[in-house]
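Working notes, structure below.
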Amino acid sequence: MKNGLEDVIAAETQLSDVDGEAGRLIIRGVSLDHLVLTQTYESVAALLLDGLTEKHFDGNQLRPKLGQARESVFAHVAAADAALLALPPVDAVRALIARLADGEDFDTALQLMAAPAVFLPAILRLQAGGQALEPDPSLTHSADILRMLTGVRPSAEQVAALDAYLVTISDHGLNASTFASRVIASTRAGLTSSVLAAISALKGPLHGGAPGPVLDMFDEIDCEENAHAWLGNALDRGERLMGFGHRIYRVRDPRADALKGALKPLIATGQVDSRRIALAETVEQAAIAILRERKPDRPLDVNVEFYTALLLDALGFPREAFTGVFAIGRTVGWIAHAREQALNGRLIRPRSVYVGPLPQAA
Ligand code: COA
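Residue 370 is where the sequence shown ends in the numbering used here, and the numbering goes up by one at each step.
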């Protein structure tokens with residue numbers, strides 16, 4: 009038995025490849041660094057879904073369809089009652105997605121891609137006592153998400169940064185949430201069921217729940233001089249440093265550098281708190297050094313969540329919403345994997361080793 013299924017190959021995929029030794033991510037034949045800041049979310053979504061649904065389209069064709077889907081799912085926001093709004097944002101988003109019909113077709117896929125993008129900003133505004141804003145189908149997915157969040161038209165740099173984020177996290181091999189999506193798809197349940205299972209896996213702090221705690225860490229460290237002592241104390245208490253370590257990467261997570269690059273235009277135009285960036289750089293260097301010292305046998309470097317925290321904070325998302333934004337970007341990957349599994353795979357049904365007591369002989 010492999011604890012945590014480490015190194016177990018459980019699917020064949022044409023969607024993405026994570027090379028943990030080289031620190032490289034390939035999405036459908038293209039290296040991540042060639043996609044970020046050159047491709048829109050819509051074009052990467054079209055790339056991921058290509059050949060996996062009954063319709064063929066490119067990013068330009070997908071954009072208006074996704075806009076219409078955002079408009080159509082907005083009706084479900086009316087179901088956000090007080091009990092739903094009392095939930096953490098990612099749980100409230102999941103509850104609204106559970107209202108969508110299950111299916112395996114292109115229209116279901118579109119609704120599911122649109123749903124978290126519309127529901128998350130709406131829930132955040134409603135939780136803050138405001139009104140949910142209707143989608144504007146004429147905008148790109150990223151521009152509309154930011155407008156629905158803040159109520160104002162975002163800057164070009166902000167739109168590019170969110171696009172870069174959504175592209176960066178669109179797919180990533182057989183991570184826990186993607187595996188959950190494929191398990192559900194292998195039973196021939198629909199895409200909505202797959203996405204619901206995947207969100208449930210994503211929200212854990214060891215997966216997509218880490219970036220909020222990364223920001224908490226920056227707040228607690230507060231200034232560069234405190235970094236080394238704070239990190240050492242956290243490790244002394246047996247805590248993990250959020251935003252570091254990965255099951256597959258033994259070197260820097262390439263998505264961390266993609267997001268660091270995506271932050272640059274925001275930094276250059278003064279749209280990010282430069283003090284926080286300086287603090288983050290100090291924390292990153294100090295954490296890598298201290299982890300090397302304390303865990304010499306386990307290479308631990310920065311992961312995607314570290315720069316996710318900085319980028320989403322700079323774009324105005326509250327930290328409790330970070331996992332929900334991750335879900336906006338990853339939904340297309342979950343759908344593509346679910347379709348691939350349903351088209352080519354078998355029922356996923358592993359076995360367990362029984363280590364409990366045996367029945368007493370009569
Ligand atoms: N901080 C401190 N120590 C860490 C660590 C971290 N972030 N990540 C791993 N380790 C240590 C473990 O304590 C363990 O040490 P030990 O052998 O002395 O007990 C060793 O490294 C191996 O950890 P393990 O839990 O087997 O690794 P994993 O592959 O199961 O874990 C993560 C991968 C991502 C869950 C893990 O690195 C982690 O918890 N990171 C922090 C949360 C995070 O940033 N998640 C986002 C991932 S993209």
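Glycine included, every Cβ here is placed at the ideal spot set by N, Cα and C.
For clarity, every value in this text was computed on a predicted model and none was experimentally measured.
For GLU142, same chain residues with a beta-carbon under 6 Å away, outside a window of 5 residues either side, are PHE82 in chain order. Cβ-Cβ separation between ILE131 and VAL167: approximately 21 Å, too far for a contact (criterion under 8 Å).
According to the DSSP assignment, VAL101 belongs to the alpha helix (DSSP H) that extends over 97-105. VAL333 sits in a helix when the DSSP states are folded into three classes. Taken through DSSP and simplified to helix, strand or coil, VAL340 comes out as helix. In the same chain as THR277, and ignoring 5 residues on each side of it, the C-beta atoms closer than 8 Å to its own belong to SER163, GLU165, in chain order. Excluding sequence positions up to five before and after ALA288, its CB lies within less than 7 Å of the CB of PHE226, LEU318, all in the same chain and listed in chain order. Taking a C-beta distance under 9 Å as the contact criterion, ARG190 and ALA335 do not qualify as a contact pair. The region 339-349 makes contact with the region 202-209, as at least three CB pairs between them are under 8 Å. The nearest non-hydrogen atom of the ligand COA is less than 8 Å from the C-beta of ASP261.
In the three-state DSSP reduction, SER24 falls in the strand class (E or B). DSSP links LEU33 through a beta bridge to VAL26.
Beta-bridge analysis with DSSP links PHE252 to VAL310. For ASN311, the shortest separation between its Cβ and any heavy atom of the ligand COA lies below 8 Å.
Counting the other Cβ atoms within 10 Å of the Cβ of ASP113 gives fewer than 16, which makes it exposed.
Under the three-state reduction of DSSP, VAL222 is assigned to helix.
Remark: the C-beta of ALA218 is in contact range of the ligand COA, defined as less than 8 Å to any heavy atom. Annotation for MET156: the continuous alpha helix (DSSP H) segment containing it runs 149-158.
In the three-state reduction of the DSSP assignment, SER282 falls in the helix class, which pools H, G and I. VAL52 and LEU33 have their C-alpha atoms spaced approximately 14 Å apart.
According to the DSSP assignment, TYR173 belongs to the alpha helix (DSSP H) that extends over 164-176. If you ignore the 5 residues before and after SER194, its C-beta comes within less than 6 Å of the C-beta of GLN349, GLY353, LEU355, ILE356, all in its own chain and listed in chain order. By a beta-carbon distance limit of 8 Å, TYR315 does not contact ALA242. Their separation comes to about 20 Å. Closest in C-alpha terms to GLY198, from the list ARG306, ALA117, GLU29, comes ALA117. DSSP links SER185 through a beta bridge to no other residue. Across the structure, LEU239 and ASP110 are spaced so that their CA atoms are roughly 45 Å apart.
Here DSSP, grouped into helix, strand and coil, assigns VAL291 to helix.
With 16 or more neighbouring CB atoms inside 10 Å of its own CB, TYR257 falls in the buried class. Collapsing the DSSP output to three states places VAL126 in a helix. If you draw a straight line from the Cα of LEU308 to the Cα of THR200, it is about 35 Å long. At least one heavy atom of the ligand COA lies closer than 8 Å to the C-beta of LYS303.
When only Cα atoms are considered, GLN69 and ALA140 end up about 27 Å apart. Beta-carbon to beta-carbon, GLU14 and ARG255 are separated by about 7 Å, close enough to satisfy the 8 Å threshold.
With a 10 Å radius around the Cβ and a threshold of 16 neighbouring Cβ atoms, ASN311 comes out buried.
Excluding five sequence positions before and after LEU351, the CB atoms of its chain that fall closer than 8 Å to its own CB belong to LEU60, given in chain order. The region 79-96 makes no contact with the region 35-47; the number of CB pairs closer than 8 Å stays below 3.
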